[in-house]
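Undergrad: So the sequences go chain by chain: A and B. Counting in the working numbering, the final residue of the first sequence is number 25, and the numbers go up one at a time with none missing. Counting in the working numbering, the final residue of the second sequence is number 733, and the numbers go up one at a time with none missing. Structure in structure tokens, see below.
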Amino acid sequence: EGAAATHDEL
Amino acid sequence: MNVFRLLGDLSHLASILILLHKIQTTRSCRGISFKTQALYVVVFLTRYLDLFLGDWVSLYNTAMKLFFIGSSCYILYLMKLRFRPTHDPAIDTFRVEYLVGPSLILALIFNYKYTLVEILWAFSIYLEAVAIMPQLFMLQRTGEAETITTHYLAALGAYRGLYIPNWIYRYFSDGTVDPIAVIAGLVQTGLYLDFFYVYFTRVLQGQKFELPA
Chain A
16 EGAAATHDEL
Chain B
521 MNVFRLLGDL SHLASILILL HKIQTTRSCR GISFKTQALY VVVFLTRYLD LFLGDWVSLY
581 NTAMKLFFIG SSCYILYLMK LRFRPTHDPA IDTFRVEYLV GPSLILALIF NYKYTLVEIL
641 WAFSIYLEAV AIMPQLFMLQ RTGEAETITT HYLAALGAYR GLYIPNWIYR YFSDGTVDPI
701 AVIAGLVQTG LYLDFFYVYF TRVLQGQKFE LPA
């Protein structure tokens with residue numbers, strides 16, 4: 016997390 | 521993907537199908553806030569920009585995103601054009617600028633990276649947290665709701681509620697926390713508490729959704 020987490024949630 | 525996340529997404533999917541069913545069968549969008557629905561279109565369009573700009577996540581992810589964008593736009597079409605006379609703007613009076621403005625400011629302050637995509641992502645998270653407010657405000661104002669509308673809201677609230685155990689699960693299973701999504705998600709779920717109280721104590725007991733005068 017932190018810098019630009021992967022947004023895998025909807 | 522874990523069971524809470526999957527059930528949450530399915531609940532979100534179900535909420536939209538219930539709403540579409542309500543509009544189509546009653547041929548009316550009475551009791552539905554156009555403002556809330558319009559905010560959801562903004563939420564989905566700003567969050568799912570990564571469909572075109574970001575990394576591929578999965579077929580599930582892409583299909584769901586396309587469904588949410590498509591169905592929310594379709595609902596706006598139904599409300600604004602197809603069943604326009606059944607929508608009463610006089611009771612849908614919540615000022616959306618009070619939601620959009622602060623969400624934008626928060627997104628400019630609290631985001632994961634100073635890029636357009638990340639700022640819009642954070643904005644969509646904050647806006648989604650409060651997008652239901654015009655709808656709940658309308659419910660408060662009229663003091664009653666059709667049962668089908670309450671099922672829609674219950675499914676939408678359940679979607680948000682289920683994301684909470686999903687985050688707890690993810691914290692223990694892969695050690696990740698997404699503070700922006702979690703804090704906004706807790707706020708969003710909190711907004712439904714009053715509604716759920718009435719839903720459980722009245723609607724699920726077979727009574728009409730009516731708020732005390």
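All C-beta atoms, glycine included, are put in the ideal place defined by N, C-alpha and C.
Would you say isoleucine 589 of chain B and phenylalanine 564 of chain B are within 7 Å of each other, going by their C-beta atoms?
TA: yes
Undergrad: Cβ atoms of arginine 525 of chain B and serine 644 of chain B: under 7 Å apart, would you say?
TA: no
Undergrad: If you measure from the beta carbon of tryptophan 641 of chain B to each beta carbon in chain A, is any gap under 7 Å?
TA: Using a CB distance cut-off of 7 Å, tryptophan 641 of chain B counts as an interface residue toward chain A.
Undergrad: Hey, how far is the Cα of tyrosine 689 of chain B from the Cα of asparagine 522 of chain B?
TA: Distance between tyrosine 689 of chain B and asparagine 522 of chain B, taken at the CA atoms: about 8 Å.
Undergrad: Check whether the segment 703-716 of chain B touches the segment 542-557 of chain B, counting contact only when three or more Cβ pairs, one atom from each stretch, lie closer than 8 Å.
TA: Counting C-beta pairs with one atom in each stretch, the segment 703-716 of chain B and the segment 542-557 of chain B have fewer than three that are closer than 8 Å, which means they do not touch.
Undergrad: How about the segment 722-730 of chain B and the segment 663-671 of chain B: do they share at least three Cβ pairs that are nearer than 8 Å?
TA: yes
Undergrad: Using the Cβ count rule (16 or more neighbours within 10 Å means buried), how would you classify tyrosine 719 of chain B?
TA: buried
Undergrad: Of all the alpha helix (DSSP H) runs that stay within the bounds of the segment 667-730 of chain B, which reach a length of 4 or more residues?
TA: Whole alpha helix (DSSP H) segments, 4+ residues: 667-694, 699-711, 713-721.
Undergrad: Just the Cα atoms here: how many angstroms apart are leucine 640 of chain B and tryptophan 576 of chain B?
TA: Distance between the alpha carbons of leucine 640 of chain B and tryptophan 576 of chain B is about 18 Å.
Undergrad: Rank B:Ala674, B:Tyr691, B:Asp608, B:Tyr679 by C-alpha distance to the C-alpha of phenylalanine 729 of chain B and give the top, closest one.
TA: B:Ala674
Undergrad: Mapping the DSSP letters down to three states, classify alanine 733 of chain B as helix, strand or coil.
TA: coil
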